[in-house]
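As they're listed, the protein sequences go chains A and B.
In this text, residue positions in the first sequence follow the working numbering: the first is 1, and each later residue adds one.
In this text, residue positions in the second sequence follow the working numbering: the first is 342, and each later residue adds one.
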Amino acid sequence: MTVTSPAKSKMTGLRAPSEVGIFTVLILVVVILCIMSPSFRTFSNALSLLLNGAVIAFLTLGQMLVLLTGGIDLSAGATVALTGVAAAMAMAYGAPWWVGVIVALALGLLVGAVNGFIIHYGRVPAFIATFAMMGVASAIPMVLTNAASLTVVDGAFSVIGQGKILSVPVPVVLLGVAACIVAVALARTKFGVHVYAMGGSAPAARLAGINIGRNIVTVYALSGFFAAIGGLILTSRLMVGYPSAGLGNELFYSIAGAVVGGVSLFGGVGTVGGAMIGAVLIATVTNGLNVLNVNSYWQSFVIGIIILAGVFYDTNRARLRGIPLAKRLYALTRRGSSSDA
Amino acid sequence: MSSLSLRNLRRYFGDTHALDGVDIDIPTGSLTALIGHNGAGKSTLLRILSGADRPDSGSLILDGRTTQFKSPNDALGQGVSAVYQELSMVPGLSVAQNIFLGHEETSGGFLTRRAMNAQATELCARFDIPVDVTTLLGELPVAQRQLIEVAAAVNRKARFLLLDEPTTALEASQVDKLLSTVTSIARAENLGVLLIDHKLDEVFAYSDHIVGLANGRRILDGATSELTRQDVVDAIVGSHFEENTASRRPQKAATMGEPVLTAKGLTTARLTDVNVTARAGEVVALYGLMGAGRTSFLRTVAGLYSAESGSIQLGNHAYAPKSVRAAKRAGIAYVSEERKVDGIIPNLGVYDNVGISVLDRFSALGFIDKGKVRHAAAQRLASMQTHGDLTKSIASLSGGNQQKALLARAFLQEPKLLLLDEPTKGVDIGAKAEIHALIRRLASESGTAVIVVTSEEEEALTLPDSIYIFQDGTCSRGRLDPADLTVADLKKLAWLEETPAP
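Structure below.
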């Protein structure tokens, strides 16, 4: 009574990683932009693309964890502003740069943890709880600074956003390290399996005795933490704490990156690799449109279309997987009739 | 030999005695079958044994000591594991991850994936399940998932295993495999298994003991080898319903019209070779145990499920509905069993709920004439003697009046064929009689063919002109005349296979 090995090799051999599709799209976009613009295909532009994308990618990383449990974090962008200003203020009061960093990170964790508590223990839907938190977190820095920007005086602080390690910008290095840690945690720890299980089937996760409350608080706290790193990078790059930072397209782009990268809005499906490719794709499109001198007002338009395509695929992925295109289109015209009774 | 025992267990829901002093022993190393008619108390018993519900009085005795199960987790901790009919595993995780879900093994904070995969592989081999444990559970057929769920339950150091109709979704060969595997594991590892099952063949082939429930009381308890099928059926059917109810039946429709619906050899995922005919002006009942396929048949005709083979004729035309809208256009109205789930729309008012299916009729240029809708709905509701404040939300009405409103919605469609799933479930006796009268009146006055799914013997005998008895996805006995049947006959026919009607 042994498990047949031919079946095994056949199963694993045929399954391509789900990131292949989106990676192909990324390569295509890069190739097209390289052909269209000489200034796009320079090494320095590639680095600046990654540098600009780092903040969004950090938000995407946190957003992905939350999405995997079947939730959403709308307060991530506001947390960027809150934590960035908090770090600048701490330093303005004479604290050394590393105290400013700790203040920002702790604040990010706190905001996220509060989100998690309200969502799980207060039973408020994630969309509403984080939407409200977005308002609260974006107002605090405005109130504290009277909407004025705060200049950072401690020069050492600039390393976070402007420093380089072996000519790679520090934010890109930080992102790489964080992405690796999250990837390992998701694949190799209890926490990871439980996060997928909660998003895949909440009732089954509960019956299996998983500590759902602790995991919910953890993923939102991590989302806040990664948003705080984003806030630190933004403040450090300009050496100015802007109370209105992160209130633009950052949140929008972070959700776009995750969804385009194959993270399901319904929970339980997605990988760090996919989400990071998604974030880089969003950064590439943004950068490409800049390099091509397209009016910046078009950026949201293009990203919006990309989100729609990603969500459309996500919603219909079960029906569309592995079916030839003609049949897929036919399948879309026949909703609602199923044979499972 | 240790055992899990229930002593004098009682559970009341209002005036209903779901369990009325039940004693049951589940010894280890053997398989105890629990059988009973719809509503006999099996589900309540299972919920209590698995920690999902608590008894009002009585005791649970585990290995000679009185205990309590505070939650499903607590029951699991004490070695009692339940496998429910709806699979409770995560399709997006691998087989091994599902088996270890909630009690993963780690070393230094990291999952020991190789070790867990190896253990899961060994477990699957023990249960003779030929799968690669890294496959996603969602990619496996239902039968294998069911086996894996049982294996996972055993792996959670379960000493008592509760299986709630594990074979309903399986084919014959899979049933054999599942039950023989469970039996041999139970013997080999000294597990106590409680099997809830409707199929006597399976019960007699695999169980060691049989316990029967009726109306919340134990009515049968014995070794399988000492019981005959007749003993079991007699016990379940009981003797308190011998009277033939034909005398109380309303006047049968004098002349039956042309066939409105003719289903021939209809086969779907849950049905095999179903033949049902309903004529104009006729009320047809579909009777049987839960899960016997009655609702599946109704929903297939209503356009919710698609047929694999066989044909449906509507009047003289072939009919293969692709959606509920297509069915509606063809003149079919359907009222579902779950009034609160897919019946009423709780945030809308009574009139809007009644008129929602026929708004086209009261619209011009895209605008609804609310007054006309209200008038039509009010007229229909008044003729049905619907009580309560009809200007308020439908949720404020009583169950019986909500049901009347749903019937009014269906009647307003002026259907050729009306499909009703348990139309009197949870309504009081007065409203039930009124609903029966309304159904008969619709059939005789407008020549509508009505098909009613019912689990209630009295309803099955007094309401319809003819009756089909479903069992295990089919109704091989064909069309029966309720005048020839008693309540006891009905119950027997729902349980016994391929026996000629008495």
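Don't be surprised by glycine CBs; every beta carbon is placed ideally from N, CA and C.
Only a predicted model underlies this, so the values are computations on that prediction, with no experimental measurement involved.
So does the stretch 384 to 395 of chain B actually touch the stretch 457 to 477 of chain B, counting three or more Cβ pairs closer than 8 Å?
-> no
When DSSP builds the beta bridges, which residues end up paired with V217 of chain A?
-> The partner list for V217 of chain A (beta bridge, DSSP) is empty, contrary to what the question assumes.
So, is G274 of chain A buried or exposed, given that buried needs 16 or more other C-beta atoms within 10 angstroms?
-> buried
Roughly how far, in whole angstroms, is the beta-carbon of L748 of chain B from the beta-carbon of Y692 of chain B, given that I think they are within contact range, below 8 Å?
-> So it is not a contact: roughly 15 Å between Cβ atoms.
State the start and end residues of the unbroken beta strand (DSSP E) segment that holds T608 of chain B.
-> P600 to T608
Uninterrupted alpha helix (DSSP H) stretches inside the stretch 361 to 390 of chain B (no shorter than 4 residues) = 383 to 390
Starting from N496 of chain B, find everything on chain D with Cβ-Cβ shorter than 9 Å and list it in chain order.
-> Absent here is chain D; the protein component of the structure consists of chains A and B.
Answer with buried or exposed for C816 of chain B, where buried requires no fewer than 16 other C-beta atoms within 10 angstroms of its C-beta.
-> Here C816 of chain B is buried. Its C-beta has 16 or more other C-beta atoms within 10 Å.
Buried or exposed: which applies to K757 of chain B, given that a residue is buried once 16 or more other Cβ atoms fall within 10 Å of its Cβ?
-> buried
Whose Cβ in chain B lies nearer than 7 Å to the Cβ of P203 of chain A?
-> S429
Residue range of the unbroken beta strand (DSSP E) whose run includes G690 of chain B = Element bounds for G690 of chain B: n/a, residue is neither H nor E.
Take S429 of chain B and list the residues in its own chain whose beta-carbon comes closer than 8 Å to its own, dropping the five residues that flank it on each side.
-> These residues qualify, in order along the chain: E490.
Excluding sequence positions up to five away, which residues of its chain have a Cβ less than 7 Å from the Cβ of Q162 of chain A?
-> S236 and R237
What does a CB cutoff of less than 8 Å around G355 of chain B pick up in its chain, not counting 5 residues either side in sequence?
-> Answer for G355 of chain B: no residue qualifies.
For D505 of chain B, three-class secondary structure by DSSP = strand
Is the distance from the Cβ of S650 of chain B to the Cβ of T603 of chain B below 8 Å?
-> no
Over the uninterrupted beta strand (DSSP E) stretch that includes I673 of chain B, give me the two end residues.
-> I673 to V676
Can you name the residues of chain A whose CB is closer than 7 Å to the CB of N414 of chain B?
-> G209
Identify the residues that DSSP records as bridge partners of G533 of chain B: which are they?
-> B:S371 and B:F501
State the Cα-Cα distance for the pair G100 of chain A and M89 of chain A, rounded to the nearest angstrom.
-> 8 Å
Leaving aside the five residues before and after K733 of chain B along the sequence, list all residues of the same chain whose C-beta is less than 8 Å from its C-beta, in chain order.
-> G690 and V691
Does the stretch 448 to 463 of chain B touch the stretch 405 to 425 of chain B, meaning 3 or more C-beta pairs lie closer than 8 Å?
-> no
Going along the chain, which unbroken runs of the beta strand (DSSP E) with 3 or more residues stay wholly within the stretch 455 to 502 of chain B?
-> none
Since I believe I303 of chain A is in contact with I277 of chain A (beta carbons under 8 Å), could you give me their beta-carbon distance rounded to a whole number of angstroms?
-> About 15 Å separates the Cβ atoms of I277 of chain A and I303 of chain A, ruling out a contact at the 8 Å cut-off.
Work out the CA separation of A494 of chain B and R500 of chain B for me, nearest whole Å.
-> 9 Å
Cross-chain neighbours of A197 of chain A in chain B, by beta carbon under 7 Å | V431, L434 and L442
Alpha carbon to alpha carbon, how far is R352 of chain B from R395 of chain B? Give it in angstroms, no decimals.
-> 8 Å
Report the residue ranges of all alpha helix (DSSP H) runs contained in full by the stretch 212 to 285 of chain A; include only those spanning at least 4 residues, in chain order.
-> Listed in chain order, they are 212 to 238 and 250 to 260.
Please confirm whether any heavy atom of the ligand NAD lies closer than 7 Å to the CB of S448 of chain B.
-> The ligand NAD is absent from the structure shown, which contains no ligand whatsoever.
Confirm, please, whether the CB-CB distance from G192 of chain A to A185 of chain A is below 8 Å.
-> yes
Please name the residue or residues paired with G336 of chain B in a DSSP beta bridge.
-> Since the displayed chain B opens at 342 and closes at 843, residue 336 of chain B lies outside it and no answer follows.
How long is the line joining the alpha carbons of A129 of chain A and I119 of chain A, rounded to whole angstroms?
-> 6 Å
Terminal residues of the continuous beta strand (DSSP E) containing G399 of chain B?
-> S398 to L403
Please list, in chain order, all residues of the same chain as S346 of chain B whose beta carbon is under 6 Å from its beta carbon, the five residues on each side excluded.
-> D366 and I402
Inter-residue spacing [alpha-carbon to alpha-carbon] between C34 of chain A and L174 of chain A = 27 Å
May I ask you to report which of helix, strand or coil DSSP gives L520 of chain B?
-> DSSP places L520 of chain B in helix when its eight states are reduced to three.
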